[in-house]
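Here's the structure, in structure tokens; my notes come after.
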Amino acid sequence: MRRLPVISPSTLRRLCVISLVCVSAIVLTGAAVRVTGSGLGCTDWPTCSRGHLTPPLQFHSLIEFGNRMVTVLLVVVIGVTFLAALLRRPFRRDLAWLSGGLVAGILVEAVVGGIVVYTKLNPYLVAVHFLATMLLVVNAVVLLHRSGRDYSSRARVLVPRVILRFSRVLLVLVAVVMSAGAATTGAAPDAGGAQGQTVAKRIPVPLRDMAELHSTLALFLIGVVISLAVALHALDVPERVRKAARMLVVVLVLQAVVGYTQYFTHLPAALVELHELGATVLVIGVVQFFLALSHRTPERDPARLHAVPDLGGFADSRGPAGAGAGAGVGAGSGAGAGVGAGSGALASLPEGR
Ligand code: HEM
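No gaps in the numbering here: position 59 of the sequence shown is 361 in the numbering used here, and each next residue is one more.
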């Protein structure tokens, strides 16, 4: 019987990068569908129109169909990443679960997307669809982060507890601002209507009121992040934590500038798309910021150990693909490369990020 291939930690990590890129791309192609009013470009699911799998050569149908194709690519990438996580040696249960989370998430999104089409772009469901995609982005960022780090021992927290708690509040606040943004989109005029297509139902609240609520919450969020960045500069914390906070401030301020500009220029498609990009970058940034608050040692890739003379108990005579990566790894512990003592020669490997 043929043995299953073995996937190295660095290969899985590369796949995790591609997964994150694809998940972020789907937010933008999904937005392109919406801002061009192409949501009903394909009127059926999973075929484009009744009895036709592919679209007619019309702008809206092509955009919607293109989005579906990107979705197919995403499904393939995520499926491969999940398989790779199962075949990774040393096996890490956390990585298998997180990559499985992406698979489950995309399946749920496919179902919700189908219902969105059948309900003729119900604005509440469109909002749920968008927010669920953002959760997929979060999942992909955490997966990528963990894929390069040793999670077998406790993390070393790099900031005072109060900052850690404050940062948890920040995560909630970002979720609130994003939800208010999705509701603002639901209250905004439908691009389909502007192009003589079927007008999707809107959330029955004036756009002005919704945008006011959303922007007020956004300004509050900016205030909170600026305070956090200032506090971190006064504290004895690693520079990379301060830098992550500064980056958040920059992204948020730019996002607010785009937000106001698009509102006062009557929501031109390009700016709405840019606002979506900003929201995606913000989600990636805020999760990275949160993860940067505690330190985990980079995980050692067995493939790279061959270049190092002092391998201690970690050497595996079966080669880089050797199952379990040697004695130091607790099989099935989900802890990953519990690298054995004696691999001190590797302690200075640079951190992945
Ligand atoms: C700075 C933090 C901000 C974040 C994180 C943010 C995030 C978002 C998100 C996630 C959406 C929904 C996108 C979608 O459903 O596809 C949105 C929509 C919107 N945001 Fe913001 N936003 C911010 C600031 C602002 C500000 C300051 C304004 C100023 C008025 C604004 C105006 C809008 C408008 C008008 C929409 C609806 C656009 C449309 O889809 O037609 N945003 N925002």
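The beta-carbon is built from N, C-alpha and C at its ideal position, and this holds for glycine as well.
Under DSSP, Ser596 forms a beta bridge with Val459. Leu472 places its beta carbon 7 Å or farther from that of Ala489. When only Cα atoms are considered, Tyr565 and Ala386 end up about 44 Å apart. Less than 7 Å separates the beta-carbon of Ser449 from that of Cys318.
Contact between the region 542-553 and the region 507-523 is absent: fewer than three C-beta pairs spanning the two stretches fall below 8 Å. Shortest gap from the CB of Phe432 to any heavy atom of ligand 1: under 6 Å. Shortest gap from the CB of Thr487 to any heavy atom of ligand 1: under 6 Å. Val382 and Leu314 have their C-alpha atoms some 10 Å from each other. Per DSSP, His535 has no beta bridge partner at all. The alpha-carbon of Pro348 is positioned some 12 Å away from that of Glu366. The beta-carbon distance between Ala484 and Ala429, rounded to whole angstroms, is 4 Å. This is short enough to meet the 8 Å contact definition.
About 5 Å separates the CB atoms of Val560 and His577; that is less than 8 Å, so the two are in contact. Relative to the non-hydrogen atoms of ligand 1, the Cβ of Gly561 comes within a distance shorter than 6 Å of at least one.
Under the three-state reduction of DSSP output, Ile309 falls in the strand class. Distances taken from the Cβ of Tyr453 to the heavy atoms of ligand 1 include none shorter than 6 Å. Per DSSP, Val410 is one residue of the alpha helix (DSSP H) stretching across Arg395 to Tyr420. In terms of side-chain proximity, the C-beta atom of Gln557 is found nearer than 6 Å to a non-hydrogen atom of ligand 1. Val440 sits close to Val589, with the two beta carbons spaced by under 7 Å. Distance from the C-beta of Gly415 to the nearest heavy atom of ligand 1 is not below 6 Å. Taking every protein chain shown into account, the CB of Asp511 has fewer than 16 other CB atoms within 10 angstroms, so this residue is exposed.
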